[in-house]
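Encoded as structure tokens, the structure appears first; notes follow it.
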Amino acid sequence: MTQIDEKLEPILTEVLRRNAGEVEFHQAVCEVLGSLGRVVAKHPDYLDDALIERICEPERQIIFRVPWVDDKGHVQINRGFRVQFNSALGPYKGGIRFHPSVNLGIIKFLGFEQTFKNALTGMPIGGGKGGSDFNPRGRSDGEIMRFCQSFMTELHRHIGEYTDVPAGDIGVGGREIGYMFGQYKRLTNRYEAGVLTGKGLVYGGSRARKEATGYGAVYFVERMLATKGTDFAGKRVVVSGSGNVAIYTMEKILSFGGIVVACSDSSGYVVDESGIDLDLVKEIKEVRRERISEYARLKGTGAHYIEGGSIWDVACDVAMPSATQNELTGKDARTLVKNGVIAVGEGANMPSTPDAVHIFQEAGVLFAPGKAANAGGVATSALEMQQNASRDSWTFEQTEERLAMIMRSIHDICAETAEEYGATGDYVLGANIAGFVRVAEAMRALGLI
Ligand code: GLU
1 MTQIDEKLEP ILTEVLRRNA GEVEFHQAVC EVLGSLGRVV AKHPDYLDDA
51 LIERICEPER QIIFRVPWVD DKGHVQINRG FRVQFNSALG PYKGGIRFHP
101 SVNLGIIKFL GFEQTFKNAL TGMPIGGGKG GSDFNPRGRS DGEIMRFCQS
151 FMTELHRHIG EYTDVPAGDI GVGGREIGYM FGQYKRLTNR YEAGVLTGKG
201 LVYGGSRARK EATGYGAVYF VERMLATKGT DFAGKRVVVS GSGNVAIYTM
251 EKILSFGGIV VACSDSSGYV VDESGIDLDL VKEIKEVRRE RISEYARLKG
301 TGAHYIEGGS IWDVACDVAM PSATQNELTG KDARTLVKNG VIAVGEGANM
351 PSTPDAVHIF QEAGVLFAPG KAANAGGVAT SALEMQQNAS RDSWTFEQTE
401 ERLAMIMRSI HDICAETAEE YGATGDYVLG ANIAGFVRVA EAMRALGLI
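In structure tokens form, the structure reads like this:
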């Protein structure tokens, strides 16, 4: 369990009481407050005016009904959420998740994390998150479209290019963003490209946005490895997940000379000692929208699929959890350490449990927390907003170069902040403190908000 400074304990107690039962939100707040003891020791004025309490309380939380009709003509009901967490640095910004596990606590944890992540990018974006407990698995294209249209029919009154700019997350990719943008345009009669990011290239999307979260995470880990005089070349890497983040994480690792030996989905994982065939993964996941078990069937010799179990049993030098929250437990962390892992980079949001993070740090494993390592996606969303605002469109190279620069700067600010606060090499502390200070300073400057 994270040690909380005694001055921050009453704040945490109140957050836990006020948000009863929201375990993921508690976990995220606990981790950030766990890093702030050193800040308030140096700058006790951050305890003034309930600044930290205000940061833990979302500015606005919207919950709504999403009725839609399935292919059989039956009416279905889901619940929609948008948590507008903090707008001190810019319009609320963050993805929309469609997954049956979605509830208010999960959206709040994601919105809270997003606030600090977005601050770390140095770009003018606040933090927010949304989603629904809708399960897209097995749904037809028509069902997906009708759901997205109904979801946007309510959401449209709460968003806007200067208000709140959603994007994708688990279960929401280019197809869903397209349907939502189309419905927003119909409802408002405005071609407001900057209201959503992750758009298709033909209607205002940015090149390299799709690749950005995965590429960015690899850039971050590459720079972290460089502090120990090493790199990805020849390293065995395990990447959990096989969605957008995982696919482009694998792509960049391959281009840096790493060998990806395993990836997964929520049913199981595949191991391919000759190196995962990324084109096959893309075909299965992006085109056919099938399960990863298909990989072993289509690849034939060399690859095998393990139903259930833990992908972290596969020995590797670098682990990149890129699936979902709390997918990597203390037990998994112990296995990875025993198998000689040297670096862990979180592509997903909060994929390692607090126990796991502790074990990595105790063992001296380089550990890049999601709010820093996976910030490349949202940073490129901010670049998409810039292109939309100037009615411009940049080349892939230009956009990727900006992304690489942003990731280097996030790495360095985390490393420098950790050092400044006497915890050299602790990227969790560095990210939490650097993100917090940016948000807190902006909030202070804006008066009592
Ligand atoms: N869902 C992504 C994240 O967790 C991207 C958000 C965005 O681009 O706004 O950061």
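Taking my numbering, the leading residue of the sequence shown gets 1, the next gets one more, and so forth.
In this text, a Cβ means the ideal position worked out from N, Cα and C, and glycines have one as well.
Values in this document were obtained by computation on a predicted structure and should not be read as measured data.
Candidates Ile-77, Thr-121, Thr-399: which alpha carbon is nearest Lys-93's?
Nearest neighbour of Lys-93 by Cα position, chosen from Ile-77, Thr-121, Thr-399, turns out to be Thr-121.
Option in Glu-419, Phe-151, Ile-159, Pro-136 with minimal Cα separation from Gln-430
First, the amino acid is wrong: residue 430 is Gly here, not Gln. Among Glu-419, Phe-151, Ile-159, Pro-136, the Cα nearest to that of Gly-430 is on Glu-419.
Distance, Cα to Cα, Lys-199 vs Ser-274?
C-alpha separation (whole angstroms): 35 angstroms.
Does the region 137-148 come within contact of the region 101-117, defined as at least 3 CB pairs closer than 8 angstroms?
With fewer than three CB-CB distances shorter than 8 angstroms, the region 137-148 does not count as touching the region 101-117.
If we ignore side chains and look at the alpha-carbon of each, how far apart do Gln-361 and Thr-230 end up?
Distance from the CA atom of Gln-361 to the CA atom of Thr-230, rounded to whole angstroms, is 19 angstroms.
State the Cα-Cα distance for the pair His-411 and Phe-220, rounded to the nearest angstrom.
Computed Cα separation, rounded: 6 angstroms.
Taking CB distances under 8 angstroms as the criterion, tell me whether Tyr-305 reaches chain D.
The chain inventory of the structure shown lacks chain D, comprising one protein chain alone.
Straight-line CA distance for Gln-84 to Gly-300?
So the two alpha carbons sit approximately 47 angstroms from each other.
Give a single yes or no on whether Val-378 has its beta carbon closer than 7 angstroms to a heavy atom of ligand 1.
Because some heavy atom of ligand 1 lies under 7 angstroms away, the Cβ of Val-378 counts as near it: yes.
Give a single yes or no on whether Lys-93 has its beta carbon closer than 7 angstroms to a heavy atom of ligand 1.
Because some heavy atom of ligand 1 lies under 7 angstroms away, the Cβ of Lys-93 counts as near it: yes.
I'd like the list of long-range same chain contacts for Val-29, defined as Cβ closer than 6 angstroms, with 5 residues on each side in sequence excluded.
Only Val-15, Cys-56 meet the Cβ criterion.
Excluding the 5 residues preceding and the 5 following Ile-4 in the sequence, name in chain order all residues of the same chain whose CB lies nearer than 8 angstroms to its CB.
Sequence-distant Cβ neighbours of Ile-4 in its own chain, meaning closer than 8 angstroms and more than five residues away, are Leu-12, Cys-30, Leu-33, Gly-34, Gly-37.
Would the beta-carbon of Ser-381 be found less than 7 angstroms away from any heavy atom of ligand 1?
Under cutoff, so the answer is yes.
Within 10 angstroms of its Cβ, does Phe-232 collect 16 or more other Cβ (buried), or is it exposed?
Its Cβ being crowded by 16 or more others within 10 Å, Phe-232 is buried.
Mind checking who Met-350 pairs with in its DSSP beta bridge?
In the DSSP output, where bridge partners are listed per residue, Met-350 has none listed.
Could you check whether the region 207-217 touches the region 378-391, counting it as contact only if at least three pairs of C-beta atoms, one from each stretch, sit closer than 8 angstroms?
Counting Cβ pairs under 8 angstroms, three or more are found: they touch.
Taking 8 angstroms as the cut-off, decide whether the C-beta atoms of Gly-130 and Ile-177 are in contact.
Not a contact, by the Cβ cut-off of 8 angstroms.
Residue from Arg-223, Ala-41, Val-238 with nearest C-alpha to Ile-413
Looking at the Cα atoms, Arg-223 is the closest of the given residues.
Can the beta-carbon of Tyr-295 be found less than 8 angstroms from the beta-carbon of Val-270?
Closer than 8 angstroms, so yes.
Whose C-alpha, out of Tyr-203, Gly-80, Glu-22, Val-261, is nearest the C-alpha of Thr-153?
Relative to the Cα of Thr-153, the nearest Cα in the group Tyr-203, Gly-80, Glu-22, Val-261 belongs to Gly-80.
Under a Cβ-count criterion, where at least 16 other Cβ atoms within 10 Å of its own Cβ denotes burial, should Pro-369 be classed as buried or exposed?
By the neighbour-count criterion, in which a residue is buried when 16 or more other Cβ atoms sit within 10 angstroms of its Cβ, Pro-369 is buried.
Do you know whose CA, among Ala-373, Ala-375, Thr-335, Asn-339, lies nearest Ala-356's CA?
Per the Cα distances, Thr-335.
Would you say Val-281 and Ala-262 are within 8 angstroms of each other, going by their C-beta atoms?
For Val-281 and Ala-262, no; Cβs fall outside 8 angstroms.
Compute the Euclidean distance between the alpha carbons of Glu-9 and Val-40, then round it to the nearest angstrom.
Near 12 angstroms, if we compare the C-alpha coordinates of Val-40 and Glu-9.
In terms of residue numbering, what span does the beta strand (DSSP E) encompassing Gln-61 cover?
Element bounds for Gln-61: 60-69.
Would you tell me roughly how many angstroms separate the C-alpha atoms of Phe-25 and Arg-54, rounded to the nearest one?
Going by the C-alpha atoms only, they are around 15 angstroms apart.
For Gly-241 versus Ser-264, is the C-beta distance shorter than 8 angstroms?
Result yes, Cβ atoms of Gly-241 and Ser-264 sit closer than 8 angstroms.
Outcome for Ala-319 when other beta-carbon atoms lying within 10 angstroms are tallied against a minimum of 16
Under this definition Ala-319 is a buried residue.
Buried or exposed for Gly-216, going by 16 or more other Cβ atoms inside 10 Å?
Residue environment for Gly-216: buried (at least 16 other C-beta atoms within 10 angstroms of its C-beta).
Do Asp-164 and ligand 1 come close, with the Cβ less than 7 angstroms from some heavy atom?
No, since every heavy atom of ligand 1 falls outside the 7 angstroms radius drawn around the Cβ of Asp-164.
Return the first residue and the last residue of the alpha helix (DSSP H) that Glu-283 is part of.
Annotation for Glu-283: no alpha helix (DSSP H) segment contains it, and DSSP assigns it neither H nor E.
When you compare only the Cα positions, how much space is there between Phe-134 and Gly-308?
Using only the alpha carbons, I get a separation of about 23 angstroms.
Please identify the residue among Arg-60, Arg-139, Ala-20 whose C-alpha is closest to the C-alpha of Gly-105.
Selected option, being the one with the closest Cα: Ala-20.
Mind reading off the beta-carbon distance from Pro-58 to Gly-90? Whole number of angstroms is fine, and I expect it under 8 angstroms.
Contact doesn't hold; Cβ gap of about 16 angstroms is too wide.
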